[in-house]
Amino acid sequence: MRFPLALTVKIASHIVKHKMIKRTPKFAMVLQLEPLHTCNLTCTGCGRIREYSTSLKDMVPLEQCLAAAQDCDAPMVSICGGEPLIYPKIEELVAGLREQGRIIYICTNGVFMRKKMREYFATVYDAANPAHETRLQKLLAEKLVTEKEAEAIRTADAAAKAKVVIKPSKWMYWNVHVDGLEFTHDLIVER
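The sequence shown begins at 362 in this note's numbering and counts up one residue at a time.
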């Protein structure tokens, strides 16, 4: 699989910095950040519920997550856990990691991706821009939004437009783990 040039350059720069300039014998490439263990699914065979039964309700504070990323100095941060999109400060976490210049992977089961997409689109939608309405019509045709949701996007108030959202970026990637086939997913998890 080919990687975008910007991503390759950023990672190569990190390697050169540590191997050739600083002569660091061991250094982090990826920080796996688990802000919470809670998941919105109960997959057959998943050990998460048993393994983390005592900490399912615990959440790492936003400031601690950002400080861990700052301390680690890895160019990539993989946000996982249980389900990272149910972390109450996920938008602020992604924004903070972007401010640090990180490459961000969100490992999700995909259940809340449409909601996050709608929230983002509501912040940028401009009725005066015909391209935005065309895009919204395409989302409607593909059944990624309902008529009610499209109307909410069109009529978003100032508070909705000012909301902190997960914005698309060349440094932001989604890693979706559920293939949509419950039986296949359960077979894989049980192995």
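Yeah, the Cβ is synthetic: ideal placement off N, Cα and C, and Gly gets one too.
- Beta-carbon to beta-carbon, PRO396 and PRO445 are separated by about 6 Å, close enough to satisfy the 8 Å threshold.
- Following the DSSP letters along the chain, one finds VAL455 in no beta strand (DSSP E) but inside the alpha helix (DSSP H) bounded by residues 451 to 460.
- C-alpha of THR507 to C-alpha of ASN490: approximately 21 Å in a straight line.
- Taken in chain order, the whole beta strand (DSSP E) runs of length 3 or more contained in the segment 381 to 444 are 391 to 394, 437 to 440.
- Residue nearest to CYS468 within the set TYR448, TYR486, GLY462 is TYR448 (criterion: CA-CA distance).
- In this structure, ASP434 places its C-beta atom within 9 Å of the C-beta atom of ALA389.
- Residue burial is scored here from C-beta neighbours: THR399 has at least 16 other C-beta atoms within 10 angstroms and is therefore classed as buried.
- Under the criterion of beta carbons closer than 8 Å, ALA517 and ALA483 qualify as touching, at roughly 4 Å.
- Taking 9 Å as the cut-off, the beta carbon of TYR481 is found closer than this to the beta carbon of VAL526.
- Remark: C-beta atoms of VAL438 and ILE465 approach each other more closely than 9 Å.
- Per DSSP, THR516 lies in no beta strand (DSSP E) segment and is marked neither H nor E.
- In the DSSP secondary-structure assignment, MET533 is bridged to ILE465.
- Cβ contact annotation for LYS528 (same chain, cutoff 7 Å, sequence separation greater than five): TYR481, in chain order.
- For ALA521, same chain residues with a beta-carbon under 6 Å away, outside a window of 5 residues either side, are ALA483 in chain order.
- Within the model, the alpha-carbon separation for LEU423 versus LEU454 is close to 6 Å.
- Inter-residue distance for GLY457 and LYS531 is about 16 Å (C-alpha atoms, whole angstroms).
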